[in-house]
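Let me begin by presenting the structure, written as C-alpha cells, before commenting on it.
Chains as they are written, first to last, in the numbering used here: chain R, 4 to 117; chain V, 3 to 114.
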C-alpha cells in the first residue's frame, strides 16, 4: 500500500513570504496529523484532524498558520507570513483512527526561512 | 499533560552487540500507549515498537524489545544483535489516544 505522501520535499523562502505544504494520507486513514520538528528536537503536534474536523489545534500559531482538510482526505498547511523561527521539518502523519493507533509518517517537508 | 524524557542524547554500540535506550514519561491518563520510533538520516519516521500500558507483557519485535516498568514510568528499548542499519535517531513517544508526545531523541551510532 502507498505511504503518506508530502510535497514539496524542500522549500526555501524569505521571511514574511507565504508557503503551503500538501499531504495525502494513507487511503482509508481517518486521522491526519501535522507535526513541526525543529532541528535537534522531537516532533511537536500542530494540528490533528479526524476526517475533515479539527480535533486539536491548541499548539497551532493561528495568527500565521492555517490548515484544512476539506474532503477528509488530503490536507494543506499554510504559513503566512513566515518567520525565521518557522525553519523546521513539517511532518504529516496518518492513522486509521485514534485510541493509540499507530501513526504512519510521510517523508516531511524541510522549510528554510531566510 | 504528557511529557517524555530521553536522557541519552547519543549512544554508541558495536555491530552484533546489545544496546539499551532509556525513556521515562509522565502522564495523568489512565489509558495510554507508548512507542519507539526510528528516524534514519532520510528523515522518514518509522515505528519500531508499540506498547499498550494496560498490558503487563513487554512488547517484542524481532531484535527489538522493551522493558516497560509502569510504576516507575519507564519504557526502555533494547536492540539485540545491532546492525549498521540500526543507526538513526530514536524517539520515545506517548499517547493518551490522540497525538504523540515525543522526547528529544537519542542518536544511535553503530560501529563495525
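Where is the CB? At the ideal position from N, CA and C, for every residue including glycine.
A check of alpha carbon separations from residue 26 of chain V across V/69, V/61, V/45 identifies V/69 as the nearest.
Proximity of residue 44 of chain V to chain R, defined by a Cβ-Cβ separation below 9 Å, is satisfied. Contact of residue 92 of chain R with chain V by beta-carbon distance below 9 Å involves 45.
Counting other Cβ atoms within 10 Å of its Cβ, residue 78 of chain R reaches 16 or more and is therefore classed as buried. DSSP lists V/54, V/97 as the beta-bridge partner residues of residue 35 of chain V.
Not flagged as an interface residue toward chain V: residue 39 of chain R, since no C-beta distance is shorter than 9 Å.
Following the DSSP letters along the chain, one finds residue 82 of chain R inside the beta strand (DSSP E) bounded by residues 78-82.
Here DSSP, grouped into helix, strand and coil, assigns residue 89 of chain R to helix. Interface annotation, residue 104 of chain V: in contact with chain R, CB-CB separation under 9 Å. Nearest Cα to residue 80 of chain V within the set V/4, V/24, V/31: V/24.
The beta carbon of residue 77 of chain V does not come within 9 Å of any beta carbon belonging to chain R, so the residue lies off that interface.
Counting the other Cβ atoms within 10 Å of the Cβ of residue 108 of chain V gives 16 or more, which makes it buried.
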